[in-house]
Each structure stands twice: as C-alpha cells, then as structure tokens.
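Peer 1:
Protein chains: 2
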Amino acid sequence: MATMTAAQRREQARVEYDAFLKSCPTNQLLDRISDKWVSLVVSALAPGPLRYSDLGRKIAGVSPKMLTQTLRSLERDGLLDRTVTPSVPVRVDYELTALGQNLALLLTAVKDWAETHFDEVREARERYDTEGADS
Amino acid sequence: MATMTAAQRREQARVEYDAFLKSCPTNQLLDRISDKWVSLVVSALAPGPLRYSDLGRKIAGVSPKMLTQTLRSLERDGLLDRTVTPSVPVRVDYELTALGQNLALLLTAVKDWAETHFDEVREARERYDTEGADS
DNA sequence: CTGGATCCCACAGGATACTG
DNA sequence: CAGTATCCTGTGGGATCCAG
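First to last, the protein sequences are chains G and C.
So that you can map any letter, position 27 of the first sequence is 27 in the UniProt record's numbering, and since no number is skipped, the others follow by simple counting.
So that you can map any letter, position 106 of the second sequence is 106 in the UniProt record's numbering, and since no number is skipped, the others follow by simple counting.
#1: Between C/L21 and G/V110, how many whole angstroms is the CB-CB distance? I'm expecting something under 8 angstroms.
#2: Would you say G/Y17 lies against chain C (beta-carbon separation less than 8 angstroms)?
#3: With three or more C-beta pairs closer than 8 angstroms as the rule, is the segment 63-82 of chain C touching the segment 29-47 of chain G?
#4: Determine contact between the segment 104-124 of chain G and the segment 97-104 of chain C, defined as no fewer than three beta-carbon pairs at a distance below 8 angstroms.
#5: So the candidates are G/R76, G/A104, G/P25 and G/R57; which of them puts its Cα closest to the Cα of C/T130?
#6: Taking only the alpha-carbon atoms, compute the straight-line gap between C/S73 and G/A104 and give it to the nearest angstrom.
#7: For G/A114 and C/R32, I'd like the C-alpha separation in whole angstroms.
#8: Drop a sphere of 10 angstroms on the beta-carbon of G/A2, count the other beta-carbons inside from all chains shown, and report buried for 16 or more, exposed for fewer.
#9: Using the C-alpha atoms, what's the distance from G/Q28 back to C/V88?
#10: What is the rounded straight-line gap between the Cα of G/N102 and the Cα of G/V42?
#11: Considering only C-alpha positions, which residue in the set G/D18, G/T26, G/V90 and G/Y17 is nearest to C/H117?
#12: Report all residues from its chain with a CB closer than 8 angstroms to the CB of G/Y17; omit the five preceding and five following residues, and keep chain order.
#13: Taking the CB atoms as reference points, tell me whether G/V90 and G/R51 lie closer together than 8 angstroms.
#14: Could one say the Cβ of C/G78 lies closer than 8 angstroms to chain G's Cβ atoms, at least one of them?
#15: Please classify G/T26: does DSSP put it in a helix, a strand, or coil?
#16: Using only the alpha-carbon positions, how far apart do G/S63 and G/D112 sit?
#17: Taking beta-carbon pairs under 9 angstroms, can you tell me which members of the segment 23-37 of chain C lie near chain G?
#18: Consult DSSP for G/D93 and reduce its assignment to one of helix, strand or coil.
#19: Would you say C/G61 faces chain G, with C-beta separation under 8 angstroms as the test?
#20: Give me the Cβ distance between G/G61 and C/A13, rounded to the nearest whole Å; I'm assuming they're in contact under 8 angstroms.
#21: Look at the Cβ atom of C/A46, then the Cβ atom of C/L55, and state whether they are nearer than 8 angstroms.
#22: If you follow the beta strand (DSSP E) that G/L45 is in, where does it begin and where does it stop?
#23: In chain G, which residues lie with their C-beta within 9 angstroms of the C-beta of C/R125?
#24: Going along chain G, which residues have a C-beta under 7 angstroms from C/K111?
#25: Starting from the C-beta of C/P49, find all residues in its chain whose C-beta is less than 6 angstroms away, skip the five residues before and the five after it, and write them out in chain order.
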C-alpha cells in the first residue's frame with residue numbers, strides 16, 4: 001500500500017533528517033559542547049595539564065566511567081593530548097591541544113554571553129511564572 | 001558514626017556540585033543550547049516568524065510533544081514570542097525576541113567555529129581511528 | 001490547527017567491583 | 001593510579017489519543 005501513516009512519514013523524515021544532521025559540522029560541534037562533562041573537563045583543563053585522578057577530584061561527582069569516556073572522545077577529536085608515564089604507579093597526564101584551547105575560548109564566549117544576558121532571562125522567567133500563577 | 005563510605009562522600013559531592021551548577025548562569029545557558037531541538041527551533045526561526053505547523057514541517061522529524069515543550073521553554077526564557085490569532089482555525093505564530101536573535105547570533109558563532117575547525121577534528125579522528133586499527 | 005495527557009521504552013549515564 | 005566490565009536505574013523523548 002502506497003499510503004503511509006503520519007507516524008511512518010514522520011519516522012522516515014526523522015531518519016533522513018538525522019542523517020543530514022550527522023553530516024553537518026555545526027551539529028557535530030554542538031553535540032560536543034552540549035555534553036555536560038565535556039564542558040566541565042575542558043574548563044578544568046584550560047588552566048593547565050592535570051592527571052586523571054586530579055580531574056576526578058576537581059570535577060567532583062563524575063564517575064570514572066564518564067570521565068574516561070569523555071576524555072577518550074576529546075582525545076579522538078584532537079582536543080586534548082594523553083601522556084602516559086610508565087613509572088611504578090602509572091601516571092597519565094591530560095592537556096588541551098591548541099584546538100582544545102580554541103574550544104575553551106568558545107566556551108568562554110558562551111560564558112560571557114550567559115553572564116551578560118542572564119538577568120534578562122531570569123526576569124522573563126519570573127514574569128512568565130507569575131502571570132500564569134495569578135488568575 | 002562520623003566515617004563515611006567513599007560512595008557517600010561522592011554522593012554528597014555530587015549533590016553539592018549539582019546545586020552549584022544549577023546556580024551557574026553559564027551552565028544554565030549551556031543546558032539551553034545543548035538541547036537538540038532548541039538549536040533547531042532557534043535556527044528555523046532566525047529568518048522570520050513561523051506558525052506552529054510550519055515549524056513542525058521545517059524541522060522534519062520532531063514530534064508535536066517535543067516541539068511544544070521546546071517552544072514553551074524558549075517562551076518562558078523570553079527568547080521567543082507566542083502570538084495567538086483566534087480565527088476559526090486557531091493560528092499561532094512564533095517569532096524570536098531580541099534576546100532570541102541574540103542567541104541565534106551565538107549559535108552562528110558556534111557554527112562559524114565548527115566550519116573553521118571541522119577539518120582538523122576530522123583529521124584527528126581519522127588519525128585516532130587508524131592508529132588503533134593497525135596493530 | 002494547536003496543543004495537553006498518558007503510556008512506554010530505549011539508552012545515556014551512575015554505582016560498584018575488578019584488573020594491569 | 002588508571003582505568004575496564006557489568007549491572008541497573010532515571011529520564012528524555014516518541015507514539016497515541018483526546019480537547020479547545
């Protein structure tokens with residue numbers, strides 16, 4: 001049957017659209033910086049190199065799994081370097097690459113924007129919440 | 001007993017950290033633009049106002065639920081205006097506020113960064129994937 | 001046409017224990 | 001110390017039906 005349900009059409013559109021989004025650099029980067037831990041790790045590393053457990057302590061509340069996972073993906077994308085020193089207790093240092101520093105800059109821009117406009121957003125929220133409450 | 005298990009300490013740290021993050025404007029904005037649909041809606045609306053169903057069609061693959069949910073949160077944050085025209089079939093238009101346009105600008109900056117550095121990321125990925133494969 | 005309400009499931013991500 | 005493997009839960013988000 002040539003007729004598709006609305007759900008089927010939407011599903012098809014979604015798949016195509018997802019494929020399109022995946023091929024889009026903007027969206028890929030957006031996915032990167034959207035990740036909660038990515039931004040935290042990059043920020044933590046911005047001042048200088050840190051060891052694995054230092055990161056774990058500095059970020060406070062990250063599970064080893066997510067820390068490793070985040071570090072791996074950032075390393076893969078060439079945003080940070082992983083240096084292993086095979087001493088008696090193994091020592092691993094992580095530091096941002098030039099590209100990583102660059103991303104940190106972008107995060108800073110986001111941060112600046114946030115701080116600049118945060119009051120407006122807060123006011124808008126209060127207005128919105130209030131006008132709904134008093135009826 | 002005054003002694004806490006490692007899990008308890010981590011849990012406490014996580015709660016405190018979450019509270020800290022919630023109070024941080026940067027993180028709130030990051031949460032905003034991280035949302036997959038938020039960026040798409042803002043981009044779709046950047047050129048000009050659109051109706052509800054136009055948005056649904058332009059974004060292709062969004063469920064009515066997420067579309068509404070996204071629009072509501074953006075409206076609450078004062079990023080877009082919702083205009084209801086009570087004609088026979090109800091008509092609702094959405095358009096970015098000045099603040100919303102501003103956010104669109106930020107997304108554009110992210111986009112520019114992405115397009116500028118995407119090649120480097122892609123190369124880094126290929127390098128990473130290759131060196132792992134040939135052993 | 002524009003949504004609200006509900007059910008439901010996949011999957012990201014946290015806790016935990018174990019290994020080089 | 002620096003992870004890896006496993007399990008398990010929370011929740012984001014899609015499908016579906018209903019209402020103004």
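Glycine included, every Cβ here is placed at the ideal spot set by N, Cα and C.
All values derive from a computational prediction rather than experimental measurement.
Peer 2: Answer, in terms of the structure:
#1: By one-based count along the second sequence, residue 21 of chain C stands at place 21. By one-based count along the first sequence, residue 110 of chain G stands at place 110. That pair is no contact at about 14 angstroms.
#2: Taking the first sequence and counting its residues from 1, one reaches residue 17 of chain G at position 17. Interface residue, yes.
#3: no
#4: yes
#5: Here residue 130 of chain C refers to the residue found at position 130 of the second sequence. Out of G/R76, G/A104, G/P25 and G/R57, G/R76 has the C-alpha closest to the C-alpha of C/T130.
#6: Your numbering for residue 73 of chain C matches position 73 in the second sequence. Your numbering for residue 104 of chain G matches position 104 in the first sequence. Answer to the nearest angstrom: the Cα atoms are 27 angstroms apart.
#7: Here residue 114 of chain G refers to the residue found at position 114 when the first sequence is read from its first residue. Here residue 32 of chain C refers to the residue found at position 32 when the second sequence is read from its first residue. Approximately 10 angstroms, taken between the alpha carbons.
#8: As a position in the first sequence, residue 2 of chain G is number 2, starting the count at 1. Here the model assigns G/A2 a pLDDT of 47, short of 50, so the residue's position is not dependable, and the following value carries that caveat. It is exposed - the Cβ of G/A2 has fewer than 16 other Cβ atoms within 10 Å.
#9: Taking the second sequence and counting its residues from 1, the one referred to as residue 88 of chain C is at position 88. Taking the first sequence and counting its residues from 1, the one referred to as residue 28 of chain G is at position 28. A straight-line Cα-Cα distance of about 42 angstroms links C/V88 and G/Q28.
#10: As a first step, residue 102 of chain G must be located in the first sequence, where it is residue number 102. As a first step, residue 42 of chain G must be located in the first sequence, where it is residue number 42. Approximately 10 angstroms, taken between the alpha carbons.
#11: Taking the second sequence and counting its residues from 1, the one referred to as residue 117 of chain C is at position 117. That would be G/T26, whose Cα lies nearest to the Cα of C/H117.
#12: To locate residue 17 of chain G, count along the first sequence from 1; it is residue 17. Apart from the 5 residues on each side of it in sequence, G/Y17 has no Cβ closer than 8 angstroms to any other Cβ in its chain.
#13: In the first sequence, the residue the question calls residue 90 of chain G occupies position 90. In the first sequence, the residue the question calls residue 51 of chain G occupies position 51. No, the Cβ-Cβ distance between G/V90 and G/R51 is not below 8 angstroms.
#14: For the purposes of this step, residue 78 of chain C is taken as residue 78 along the second sequence, with counting starting at 1. True, the Cβ-Cβ gap to chain G drops below 8 angstroms.
#15: Counted from its first residue, the first sequence places residue 26 of chain G at position 26. Correct three-state label for G/T26: helix.
#16: The count along the first sequence starts at 1 and reaches residue 63 of chain G at position 63. The count along the first sequence starts at 1 and reaches residue 112 of chain G at position 112. Each residue's alpha carbon lies about 29 angstroms from the other.
#17: Within the segment 23-37 of chain C, the residues whose Cβ lies closer than 9 angstroms to some Cβ of chain G are C24, P25, T26, N27, Q28, L29, L30, D31, R32, I33, S34, D35 and K36, listed in chain order.
#18: Your numbering for residue 93 of chain G matches position 93 in the first sequence. Reduced to three states, the DSSP call for G/D93 is strand.
#19: Within the second sequence, numbered from 1, the residue matching residue 61 of chain C stands at position 61. It does; some Cβ of chain G falls within 8 angstroms.
#20: Position 61 of the first sequence holds residue 61 of chain G. Position 13 of the second sequence holds residue 13 of chain C. G/G61 to C/A13, Cβ: 5 angstroms. Contact.
#21: Counted from its first residue, the second sequence places residue 46 of chain C at position 46. Counted from its first residue, the second sequence places residue 55 of chain C at position 55. It is not a contact, given that the beta carbons lie outside the stated cut-off.
#22: Translated into the one-based positions of the first sequence, residue 45 of chain G becomes position 45. Where G/L45 is concerned, there is no enclosing beta strand (DSSP E), although the alpha helix (DSSP H) it sits in stretches over K36 to L45.
#23: As a first step, residue 125 of chain C must be located in the second sequence, where it is residue number 125. Those within 9 angstroms of C/R125 in chain G are R76, D77 and G78.
#24: For the purposes of this step, residue 111 of chain C is taken as the residue at position 111 of the second sequence. Within 7 angstroms Cβ-Cβ: T26.
#25: The residue labelled residue 49 of chain C in the question sits at position 49 within the second sequence. So the qualifying residues of the chain are D93 and E95.
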